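Numbering (this note's numbering), first residue to last: 50 to 405. Below you'll find the structure, written out as structure tokens, and then a few comments.
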Amino acid sequence: MATAHGDTSAGTPQAKGPRRARGTATATPSRTPASAHDLDLLRQMLLIRRFEERCVELYSAAAIRGFVHLYIGEEAVAVGVHQALDERDAVVSTYREHGHALARGVPPEAVMAEMYGKTTGCSHGRGGSMHLFDAARRFYGGNAIVGGGLPLAAGLALADRMRGESRVTCCFFGDGAFAEGEFHETANLAALWGLPVLFVCENNLYAMGTALVREHAQTDLAMRAASYGMAAWAVDGMDVHAVEKAARGAVESVRAGNGPHFLEMRTYRFRAHSMYDPDRYRSKGEIEEWKRHDPVTGLADGMRASGLLDDAAMEALDHAVMEEIDRAVQTAEGAPEEAAEDLLLHVTGRHEEAPS
Ligand SMILES: Cc1ncc(C[n+]2csc(CCOP(=O)(O)OP(=O)(O)O)c2C)c(N)n1
Ligand SMILES: [Mg+2]
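Written out as structure tokens, the structure is:
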């Protein structure tokens with residue numbers, strides 16, 4: 050079965066990483082005690098999971114519309130990477146960005162209202178699922194264009210460096226971006242100019258219905274990134290601890306002035322590409338196999354085994370998360386639509402009617 054990351058064995062995640070290709074990176078330990086930190090990681094991943102499950106329900110009820118791309122299965126990447134970033138840093142994302150926005154701290158109310166197209170949404174209802182944006186949190190957007198965020202990330206990083214700021218720009222993108230010139234152009238310039246960018250490639254093995262192995266002669270993406278002269282690792286993207294450790298090391302090194310770093314997160318989406326995708330290009334068996342590496346249950350099981358979590362605590366956590374989402378839905382439903390007379394606000398170009 051030609052499904053696994055970078056090889057042709059069964060579709061299981063490879064815990065290869067982090068693999069050092071060049072440069073130095075050491076992990077900074079988290080400052081909170083292990084149990085509290087793990088509980089927080091679990092809460093954040095559960096929030097993303099439950100938020101999106103609610104989105105599926107709302108979509109089926111036609112309460113929210115448009116394109117919706119679910120991140121379910123990939124939560125460890127957003128949550129783990131965000132442990133290494135702080136307020137001064139910038140984040141650039143893709144159209145599969147609900148998880149990135151929530152992990153960045155964009156309030157669930159603001160994300161849900163955006164799903165509803167309401168004025169209280171984080172993009173004032175004008176972006177929807179694919180265009181979440183929060184300048185105050187330096188979350189520079191979802192982006193409907195595959196690879197479209199990459200040059201923006203390089204530009205943000207260049208601006209920060211020219212201003213003498215000690216900031217990192219973290220750019221999330223999919224394996225599909227490796228087929229875009231924008232990735233190769235950005236990787237080259239970022240390495241050439243030593244820009245403070247953390248490239249986070251979410252390699253979930255598919256670009257829509259096209260498997261990585263059917264599209265790329267060389268499927269080891271970390272190796273390809275390293276060929277541009279930047280430090281690159283492959284990481285088990287289903288393990289939030291592995292993600293956090295790799296991200297902390299990489300961010301520390303980027304901030305220290307060692308130029309861009311690249312993390313290939315080996316992950317998998319449990320749901321279809323989007324709400325419109327019948328998902329016929331992969332087997333049920335492959336999906337089930339990957340679900341055995343579910344990042345949420347994986348962390349919860351590990352915590353149970355170490356005595357850090359029991360059924361009551363898990364139930365309480367889930368309940369609190371669901372309540373938060375209920376509140377977000379209620380607020381979004383009660384929020385106003387944009388007034389018709391405001392529709393041309395922020396429109397920069399306008400087609401004038403031809404004189405009769
Ligand atoms: C430039 C461009 N080409 C094609 C598309 C259509 N398209 C939308 S999603 C997608 C697949 C991208 O896959 P990947 O980057 O691996 O991200 P994933 O959906 O797996 O998270 C494609 C080809 C697009 N949005 N932009
Ligand atoms: Mg992909």
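A virtual CB, placed ideally from N, CA and C, is assigned to each residue, including glycine. On a predicted model such as this, the values are computed, not experimentally measured, just so you know.
Cβ-Cβ distance between residue i and residue j below 8 Å
i: Thr316; j: Phe222; result: no
i: Asp138; j: Arg216; result: yes
i: Tyr165; j: Ala381; result: yes
i: Ser178; j: Val140; result: no
i: Pro245; j: Asp285; result: no
i: Thr168; j: Glu387; result: yes
i: Glu229; j: Gly204; result: no
i: Arg145; j: Arg186; result: no
i: Asn192; j: Asp224; result: no
i: Gly174; j: Glu163; result: yes
i: Phe227; j: Leu270; result: yes
i: Gly148; j: Ile97; result: yes
i: Leu312; j: Ala291; result: no
i: Ala236; j: Tyr277; result: yes
i: Ile336; j: Arg99; result: no
i: Ala260; j: Pro309; result: no
i: Trp242; j: Leu201; result: no
i: Ala266; j: Ala274; result: no
i: Ala125; j: Met94; result: yes
i: Leu91; j: Met352; result: yes
i: Asp87; j: Leu357; result: yes
i: Ala384; j: Met363; result: no
i: Ala150; j: Leu181; result: yes
Terminal residues of the alpha helix (DSSP H) in which residue i lies
i: Ala202; result: Gly198 to Met211
i: Arg186; result: Per DSSP, Arg186 belongs to no alpha helix (DSSP H) and is neither H nor E.
i: Ala349; result: Pro344 to Ala354
i: Val128; result: Glu124 to His131
i: Val160; result: Pro157 to Met164
i: Arg273; result: Leu270 to Ala275
Span of the beta strand (DSSP E) around residue i
i: Gly223; result: Thr218 to Gly223
i: Asp285; result: Ala280 to Asp285
i: Phe311; result: His310 to Arg315
i: Ala139; result: Ala139 to Val141
Secondary structure of residue i, DSSP reduced to three states
i: His290; result: helix
i: Tyr255; result: strand
i: Leu247; result: strand
i: Ala260; result: strand
i: Arg304; result: helix
i: Glu390; result: helix
i: Ala150; result: helix
i: Ala377; result: helix
i: Val370; result: helix
i: Ile336; result: helix
i: Met324; result: coil
i: Thr52; result: Only weak support exists for where Thr52 lies, its pLDDT of 38 falling under 50; the value from the coordinates is given anyway. Thr52 falls in the coil class under three-state DSSP.
i: Asp359; result: coil
i: Gly230; result: helix
i: Gln63; result: Per-residue confidence for Gln63 stands at a pLDDT of 34, beneath the threshold of 50, marking its modelled position as unreliable; the derived number appears in the next sentence. Gln63: coil per DSSP, three-state reduction.
i: Thr77; result: Confidence at Thr77 is low in this model, with a pLDDT of 44, below 50, so its placement is unreliable and no value can be given for it.
i: Ser215; result: coil
i: Arg68; result: Residue placement at Arg68 cannot be trusted, given a pLDDT of 37 that sits under 50; the coordinates are not used to answer.
i: Leu134; result: coil
i: Tyr144; result: coil
i: Val20; result: Past the boundaries of the shown model lies residue 20; the chain is included only from 50 to 405, so the question cannot be answered.
i: Ser109; result: helix
i: Gln267; result: coil
i: Ile406; result: No answer is possible for residue 406: it lies beyond the span of the chain, which begins at 50 and ends at 405.
i: Cys171; result: coil
i: Thr235; result: helix
i: Arg297; result: helix
i: His395; result: coil
i: Gly177; result: coil
i: Arg331; result: coil
i: Ala193; result: coil
i: Ser58; result: Bear in mind that the predicted position of Ser58 carries a pLDDT of just 32, short of 50, making it unreliable; the figure below should be weighed with that in mind. Three-state result, Ser58: coil.
i: Arg318; result: coil
Any chance the segment 117-137 sits against the segment 245-257, with 3 or more Cβ pairs inside 8 Å? Segments in contact, yes.
Quick one: residues with CB closer than 7 Å to any heavy atom of ligand 2, in chain order, please. Output, sorted by chain position: Gly223, Asp224, Gly225, Glu251, Asn252, Asn253, Leu254, Tyr255 and Ala256.
Does the pairing of the segment 104-119 with the segment 318-330 give three or more beta-carbon distances under 8 Å? Yes, since at least three Cβ pairs between the segment 104-119 and the segment 318-330 fall closer than 8 Å, the two stretches touch.
Does the segment 369-377 come into contact with the segment 341-348, if we say contact requires no fewer than three beta-carbon pairs (one atom in each stretch) closer than 8 Å? No contact exists between the segment 369-377 and the segment 341-348.
Does the structure place the segment 321-335 close enough to the segment 284-300 that three or more beta carbon pairs sit under 8 Å? Taking one beta carbon from each stretch, the segment 284-300 and the segment 321-335 have fewer than 3 pairs nearer than 8 Å; the two do not touch.
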